[in-house]
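So the structure is just underneath, and the comments pick up after that.
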């Protein structure tokens, strides 16, 4: 992090002032907040880019969350609350949504925030010709957008959308400066302009992203002057930096380090139950995984109770569904119980001789928390007689490999409900027509139920559709459900006021560093 001389001087003056106040009899237990201090956060990689409409990785979403605002947002309970919009109404048929906007807000390039800015931002992601990765989540259901004056915007949808409001609260629905869209379309991924509490100061690939506080932030200037997101791929190095005071927050505290780090009086270990399950996906175009009975057999071959207790010290729970239990649409359809004898018999009945097969199981290098589970599954399947090669690939290579069905047999992945709702996850990972259905799972009845649930505005009807989806997915077994995930943060006690969400996102706008 780069500090200028003025920043140092102000910081020193405030420290001296705090010492004087303390000497004069202050009885406050905590240190005084020093305005202008910056935070350092260590991450396991770089962001893909700063265009929220065209990035899907968690690191990009985390950083873009700080740069941009949305019409609505999530609180820590994943409830939708107002942000740039102060109120909204919907028509009885659920196809027309009207938002009343807050006033007096500007983007960090000086452009006014108004209804036309919202319209321009969403028209970009709704345009199929733009080929943006978040089109399916945010733009595909929009028919058109109109404005009523400066402060009212109306979304006209193609059909009712039960998950519409939650989708608007996602990072993908961030509002971009219309000036940046019109004048810098090619550069949005590198030069983001939003209305958020921070703005991009510097990005050095492989090193760090530096954000500086937006002192004119409409909801009140942040209490910290800057946030440096350092790229530190090695988990051990992130732990050392946290212990040494070189960083204020790290993600992915190893299970094996939780107890030891919890004894450090300078740190807080904060585990958050995430809206994510880890799973092994089958490439169902590959024999013998084209047979549901074979996929079921391999589900029986995994001792998930031992997995969560031995590898994760009982700090995570066995997944009982294709989505996490905190997700809207969840129902407990149960996990396949461990039964190796049954697995062997089912393979025999299917005419499968495990020794005749060699499979490639791929894992993305950035999901280090899933590697122990991947190795556990590899060992379990080898006990059946299969030859399993586990390959860890850099994220970009991993995603490119998943686009080529002939290059993998099994894959490790997480089902993360970024909007708190099953809808986008189902459409991305289980709908037969989805480009990101990497299992190539195809069940027309599941497709029908997913689309019915998406179009149902009545919550009870949506939940009924999704419960049927989950039952069919368990029966068809395109995945091996492993465990619900836990986000594990190590935080310096000097830092307070961070709001953590179960989507690996955290809100720094009210963070303070003492």
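In mature numbering (1 follows the signal peptide of the UniProt record, and there is no 0), the protein residues as written are -23 to -1, 1 to 491. For glycine and all other residues, C-beta sits at the position ideal for the given N, C-alpha and C.
Residue 150 has its alpha-carbon roughly 24 Å from the corresponding atom of residue 307. Closest option to residue 349, judged by alpha-carbon separation, among 195, 406, 289, 17: 289. Its chain contains 16, 43, 174, 175, 199, 201, 204, 475 as the residues whose beta carbon lies nearer than 8 Å to that of residue 485, once the 5 sequence neighbours on both sides are disregarded; these appear in chain order. In this structure residue 258 is in contact with residue 455, their Cβ atoms being roughly 7 Å apart against a cut-off of 8 Å. Between the beta-carbon of residue 400 and that of residue 139 there is about 7 Å, and that keeps the pair under the 8 Å contact cut. Only residues of its own chain outside the window of five on either side were considered, and among them 281, 295, 296, 297, 458 have a CB closer than 7 Å to the CB of residue 312, listed in chain order.
In this structure, the straight-line span from the alpha carbon of residue 421 to that of residue 440 is close to 19 Å.
For residue 99, the enclosing alpha helix (DSSP H) begins and ends at 92 to 103. Its Cα nearest to that of residue 216, the residue 231 stands out among 395, 231, 102.
Taking C-beta atoms as the reference points, residue 396 and residue 207 fail to come closer than 8 Å. For residue 257, the enclosing beta strand (DSSP E) stretches over residues 244 to 259. Around the beta carbon of residue 242, a 10 Å sphere encloses fewer than 16 other beta carbons of the protein chains shown; the residue is thus reported as exposed. Between residue 190 and residue 435, the alpha-carbon positions lie close to 41 Å from each other. A distance below 7 Å between beta-carbons, with the five flanking residues on each side excluded, links residue 330 to no residue of its chain. Contact between the segment 105 to 113 and the segment 24 to 38 is present, with at least three C-beta pairs closer than 8 Å. Excluding its 5 nearest sequence neighbours in each direction, residue 429 has C-beta neighbours in its own chain below 7 Å: 442, listed in chain order. In this structure, DSSP gives residue 313 a state outside helix and strand, which the three-state scheme calls coil. In the same chain as residue 28, and ignoring 5 residues on each side of it, the C-beta atoms closer than 6 Å to its own belong to 165, 166, in chain order. In the pairwise beta carbon analysis, the segment 117 to 128 is classified as touching the segment 95 to 102: at least three pairs are separated by under 8 Å. Contact check for residue 271 and residue 386: beta-carbon distance about 12 Å, past the 8 Å limit, so the pair fails to qualify. Here the C-alpha atom of residue 105 lies approximately 22 Å from the C-alpha atom of residue 41. Taking all protein chains shown into account, residue 479 has 16 or more neighbouring C-beta atoms within 10 Å of its C-beta and is therefore buried.
By a beta-carbon distance limit of 8 Å, residue 372 contacts residue 342. Their separation comes to about 6 Å. For the set 433, 408, 22, 275, the Cα lying nearest the Cα of residue 355 is the one of 275.
Residue 246 and residue 332 have their alpha carbons spaced roughly 45 Å apart. One thing to note: residue 154 has its Cβ within 8 Å of the Cβ of residue 84. When secondary structure is reduced to three states using DSSP, residue 176 falls in the strand class.
Judged by their CB atoms, residue 472 and residue 226 are nearer to each other than the 8 Å cut-off.
Per DSSP, the continuous beta strand (DSSP E) segment holding residue 335 begins and ends at 335 to 341.
Assignment of beta-bridge partners to residue 65 by DSSP yields 76.
A direct Cα-to-Cα measurement between residue 327 and residue 321 gives close to 10 Å. For residue 202, the secondary structure class from DSSP, reduced to helix, strand or coil, is coil. With contacts defined by Cβ atoms closer than 8 Å, residue 366 and residue 338 form a contacting pair. Residue burial annotation: residue 260 is buried, with at least 16 other C-beta atoms found within 10 angstroms of its C-beta. Residue pairing for residue 190: DSSP places it in a beta bridge opposite 175. DSSP places residue 277 within a helical segment (H, G or I) once states are collapsed to three.
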